[in-house]
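Protein chains in written order, with the numbering used here: chain W, 1 to 360; chain C, 361 to 720.
We treat Cβ as the ideally placed atom computed from N, Cα and C, and that holds for glycine.
Read through the structure below, which is laid out as structure tokens, and then see the notes.
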């Protein structure tokens with residue numbers, strides 16, 4: 001099948017989607033032939049796919065340097081970045097080297113950032129192996145590590161040379177992670193494409209059963225939708241912000257529960273229910289459509305209630321100043337199903353009420 | 361005086377050069393009004409200029425957050441970068457904040473890299489206070505930190521919003537650092553501008569005596585010459601490499617002696633004598649012109665001999681593979697005075713003989 005393209009001028013790149021792509025040496029060749037290629041992956045993914053990817057890269061003419069990092073969000077840290085840089089320098093990788101990020105969102109964010117700063121920037125290829133990474137984090141060039149004071153506080157916009165989404169890798173994904181990825185798929189339908197949303201309502205059971213045709217379509221349509229937004233606003237100066245639908249609430253849930261307790265997609269799921277509730281209260285979404293959002297998220301096996309944190313705690317974590325209660329705040333709302341809008345004039349008490357309705 | 365411009369499309373920026381510019385609030389206003397501005401500086405520069413810069417920035421409408429780092433090359437490290445990021449987050453600096461780099465090359469490289477990665481990139485302003493930084497490192501957008509395995513191995517191309525070179529700050533510069541800066545000024549004449557080189561031969565005593573008119577001209581012409589090269593090749597895929605004239609030898613000297621033992625400019629000075637010697641041996645520079653190079657560098661009070669390291673040690677540090685002896689290597693040579701050329705076909709034994717002639 002033809003790859004999608006993310007249209008970013010001289011930084012445009014293809015997204016290849018299909019089953020079994022990992023092994024297609026000729027797909028890598030144009031990027032890696034006679035170069036050093038550092039494959040950054042973690043200790044969970046390596047036993048599953050490293051050997052196959054290494055074999056394909058070598059077949060394409062690359063010298064492969066595997067670099068293993070820890071699994072989990074805590075790997076997005078200075079120490080891991082230094083470890084990757086050290087491994088590349090030790091292997092005498094020069095400015096024409098390429099980094100391959102083989103794994104989920106953490107590997108992609110960390111390895112992509114390493115590529116952004118190694119010798120002031122080298123090329124990288126995303127091989128996302130989780131649904132979340134395939135439909136979201138691998139597309140758009142956002143890379144980052146975390147800081148003690150906040151997630152993704154240090155990073156770069158660094159577009160990959162290519163994204164290779166092998167949907168067959170989703171067969172090894174734990175159920176919980178599959179569902180967490182579906183949260184972002186649903187998000188793309190909610191904010192951008194009513195038709196896709198209706199398809200999801202029809203095909204949810206097939207997706208959960210990992211039907212390969214359904215999965216490939218969900219990944220492809222999600223990437224298409226995200227690629228359009230990214231092409232219009234690479235550095236998030238405007239439109240791209242709508243991709244954060246549900247995320248302001250979601251980040252508060254992740255931070256409030258301690259990172260890793262709720263998966264990102266789970267927190268976003270409950271966050272989207274809150275954001276839909278807020279949309280209904282603000283008058284931009286019909287009540288029955290807010291109920292449809294909640295029902296679909298529930299059918300995906302995702303949380304439709306937020307954790308029972310104090311509302312002031314939510315607001316603090318969302319960095320909605322308590323003084324703003326009575327004042328105005330900015331949120332991304334649904335403007336009907338399939339369309340999002342950024343509203344800067346919301347009464348803060350609506351936010352408070354929406355959290356209360358969903359979290360308690 | 362009209363600022364120079366570095367022509368890089370939508371990343372173009374002005375270089376303001378003059379005495380007393382530090383205090384000109386209206387020059388900062390367009391970049392900093394109603395923003396948070398983190399002034400990154402070190403413990404040597406802060407007592408001299410921080411209060412004045414802070415006052416001018418506040419007058420221009422900024423909220424100023426001073427961030428102090430250690431003096432010296434060892435500050436170009438992960439730990440310092442984390443310290444800067446932490447200070448900005450603690451002060452709740454958002455994505456519209458600006459970093460001001462107030463100091464020499466170390467401050468500029470570190471603070472510029474912090475700006476490149478803080479929340480995926482914010483704006484920064486260079487206020488170089490050493491001659492080396494004013495004529496070289498503040499122009500061109502190269503930012504970096506060091507790694508145990510090599511200098512500037514982690515960094516980004518991140519162009520500043522503006523460069524403000526206040527030549528009056530050179531009055532507080534130690535003599536040795538002034539001379540180290542003159543090495544890069546001489547380099548610009550050697551590789552790009554015979555007329556400027558002849559001006560330097562006439563005006564060297566005035567420069568060493570810190571004549572303000574002579575200093576301003578040396579800074580201005582150096583910046584003009586470098587800006588042209590950077591505009592033609594922002595990411596050093598070709599032409600920009602000529603700015604590294606003398607630097608391959610120089611880096612070997614810095615690394616071989618231990619960083620900080622020789623100043624960068626001193627190592628480059630001896631490195632340029634070696635590169636001129638190599639040019640003469642390769643037949644691209646007349647013997648008497650190589651002697652002129654050496655004489656001018658000597659008159660600037662800079663080293664005209666390299667340290668007495670083993671030649672194999674030089675080659676190792678220059679990453680010229682010993683197996684290449686008898687083979688071919690790439691070097692930047694002078695193609696007559698005022699012109700440089702990249703030669704990929706040099707006999708490695710010429711490199712060996714040139715080092716021997718200058719170092720021992």
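Beta carbon proximity, residue 516 of chain C to chain W, threshold 8 Å: Taking the second chain and counting its residues from 1, one reaches residue 516 of chain C at position 156. With 8 Å as the cut-off, residue 516 of chain C counts as an interface residue toward chain W.
Pairwise C-alpha distance: residue 619 of chain C and residue 709 of chain C: Position 349 of the second chain, counted from the first residue, corresponds to residue 709 of chain C. Position 259 of the second chain, counted from the first residue, corresponds to residue 619 of chain C. Roughly 27 Å between the two C-alpha positions.
The beta strand (DSSP E) enclosing residue 471 of chain C, as first and last residue numbers: Your numbering for residue 471 of chain C matches position 111 in the second chain. Unbroken run through residue 471 of chain C is the alpha helix (DSSP H), 465–477; no beta strand (DSSP E).
Counterpart residues of residue 343 of chain W in DSSP-defined beta bridges: Within the first chain, residue 343 of chain W is the residue found at index 343, counting from 1. Note: residue 343 of chain W sits in a beta bridge opposite W/331.
Contacting residues, own chain, Cβ-Cβ under 7 Å from residue 253 of chain W (five flanking each side not counted): The sequence position of residue 253 of chain W within the first chain is 253, counting from 1. 262, 267, 270, 271, 306, 307, listed in sequence order.
Cβ contact check for the region 81–96 of chain W and the region 470–489 of chain C: 3 or more pairs under 8 Å: no
Minimum Cβ-Cβ distance from residue 598 of chain C to chain W less than 8 Å: As a working note, residue 598 of chain C is residue 238 in the second chain. Not an interface residue.
Separation of residue 168 of chain W from residue 15 of chain W, as counted between CA atoms: Counting from one through the first chain, the residue named residue 15 of chain W turns up at place 15. Counting from one through the first chain, the residue named residue 168 of chain W turns up at place 168. Residue 15 of chain W and residue 168 of chain W: Cα-Cα distance of roughly 16 Å.
For residue 325 of chain W, the three-state DSSP class (helix, strand or coil): Here residue 325 of chain W is taken as the residue at index 325 of the first chain, counted from 1. A caution first: residue 325 of chain W carries a pLDDT of 48, below 50, which makes its placement in the model unreliable, though a value can still be read off. It is coil, neither helix nor strand.
Meets three-Cβ-pair contact criterion under 8 Å: the region 26–40 of chain W and the region 62–69 of chain W: yes
8 Å Cβ shell around residue 325 of chain W - same chain, five flanking residues per side excluded: As a working mapping, residue 325 of chain W is identified with position 325 in the first chain. Reliability fails at residue 325 of chain W, whose pLDDT of 48 lies under 50, so the model's placement of it is uncertain and the value that follows must be treated cautiously. Contacts found: 315, 348, 349, 352.
C-beta neighbour in chain C for residue 325 of chain W, strict 8 Å: Looking up residue 325 of chain W in the first chain gives position 325. Bear in mind that the predicted position of residue 325 of chain W carries a pLDDT of just 48, short of 50, making it unreliable; the figure below should be weighed with that in mind. Not one chain C Cβ lies under 8 Å of residue 325 of chain W.
Interfacial residues, the region 285–296 of chain W to chain C, with Cβ spacing under 8 Å: none
Partner residues on chain C for residue 153 of chain W, Cβ-Cβ distance less than 8 Å: Numbered from 1 along the first chain, position 153 holds the residue referred to as residue 153 of chain W. 445, 449, 478, 479, listed in chain order.
Contact set between the region 422–445 of chain C and chain W, restricted to residues whose Cβ is under 9 Å from the partner: Listed by position, the residues of the region 422–445 of chain C near chain W (Cβ gap below 9 Å) are 438, 439, 441, 442, 445.
Residue 547 of chain C at chain W interface by Cβ criterion, 8 Å: Reading the second chain from its first residue, position 187 is the one you call residue 547 of chain C. With 8 Å as the cut-off, residue 547 of chain C does not count as an interface residue toward chain W.
Nearest-angstrom Cα separation, counted from residue 78 of chain W out to residue 446 of chain W: The structure shown does not extend to residue 446 of chain W, since chain W spans only 1 to 360, so no value can be given for it.
Complete alpha helix (DSSP H) runs within the region 230–281 of chain W (minimum length 4 residues, chain order): 247–257
Local conformation of residue 588 of chain C per DSSP, three classes: Locating residue 588 of chain C in the second chain gives position 228, counting from the first residue. Here residue 588 of chain C sits in helix by DSSP.
Rounded C-alpha distance that separates residue 411 of chain C from residue 231 of chain W: Translated into positions along the second chain, residue 411 of chain C becomes position 51. Translated into positions along the first chain, residue 231 of chain W becomes position 231. Distance between the alpha carbons of residue 411 of chain C and residue 231 of chain W is about 43 Å.
Short CB-CB distance (under 8 Å) between residue 142 of chain W and chain C: The residue you call residue 142 of chain W lines up with position 142 of the first chain. Under the Cβ criterion of 8 Å, residue 142 of chain W is counted among the residues facing chain C.
Straight-line gap, residue 409 of chain C to residue 461 of chain C (C-alpha atoms, nearest Å): By 1-based counting over the second chain, the position of residue 409 of chain C is 49. By 1-based counting over the second chain, the position of residue 461 of chain C is 101. Looking at the two C-alpha atoms, the distance is approximately 12 Å.
Contact list for residue 507 of chain C against chain W, beta-carbon separation under 9 Å: One-based indexing of the second chain puts residue 507 of chain C at position 147. Within 9 Å Cβ-Cβ: 82, 85, 86, 89.
Contact the region 381–389 of chain C vs the region 515–534 of chain C: 3+ CB pairs below 8 Å: yes
Contact belief for residue 220 of chain W with residue 196 of chain W at Cβ below 8 Å, rounded distance in angstroms: Indexing the first chain from 1 puts residue 220 of chain W at position 220. Indexing the first chain from 1 puts residue 196 of chain W at position 196. Not confirmed; about 10 Å, so no contact.
is_contact[residue 362 of chain C, chain W] using C-beta, thresh 8 Å: Here residue 362 of chain C is taken as the residue at index 2 of the second chain, counted from 1. Any Cβ of chain W closer than 8 Å to the Cβ of residue 362 of chain C would place that residue at the interface, and such an atom is absent.
Neighbour flag for residue 465 of chain C against chain W, beta carbons, 8 Å: On the second chain, position 105 is the one that residue 465 of chain C refers to. Output row for residue 465 of chain C: interface = no.
Proximal chain C residues relative to residue 150 of chain W, where beta-carbon distance stays under 7 Å: Along the first chain, one-based indexing puts residue 150 of chain W at 150. Near residue 150 of chain W (Cβ distances below 7 Å), the residues of chain C are 449.
Backbone CA spacing between residue 536 of chain C and residue 663 of chain C [nearest angstrom]: The count along the second chain starts at 1 and reaches residue 536 of chain C at position 176. The count along the second chain starts at 1 and reaches residue 663 of chain C at position 303. Rounded to whole angstroms, residue 536 of chain C to residue 663 of chain C spans 11 Å at the Cα level.
Proximity winner among W/8, W/2, W/1, relative to residue 229 of chain W (alpha-carbon distances): For the purposes of this step, residue 229 of chain W is taken as the residue at position 229 of the first chain. The shortest C-alpha separation from residue 229 of chain W is found at W/8.
Which of helix, strand or coil DSSP assigns to residue 308 of chain W: Start at 1 with the first residue of the first chain, and residue 308 of chain W comes out as number 308. Reduced to three states, the DSSP call for residue 308 of chain W is coil.
Residue 278 of chain W versus W/329, W/120, W/98, W/333, residue with shortest Cα-Cα distance: What you label residue 278 of chain W is simply residue 278 of the first chain in a count that begins at 1. Ranking the options by Cα distance to residue 278 of chain W, first place goes to W/333.
Check whether residue 661 of chain C and residue 539 of chain C have beta carbons under 8 Å apart: Counting from one through the second chain, the residue named residue 661 of chain C turns up at place 301. Counting from one through the second chain, the residue named residue 539 of chain C turns up at place 179. Cβ distance < 8 Å, so residue 661 of chain C and residue 539 of chain C count as in contact.
Per DSSP, the bridge partner or partners of residue 124 of chain W: Counting from one through the first chain, the residue named residue 124 of chain W turns up at place 124. Answer is W/99, bridged to residue 124 of chain W.
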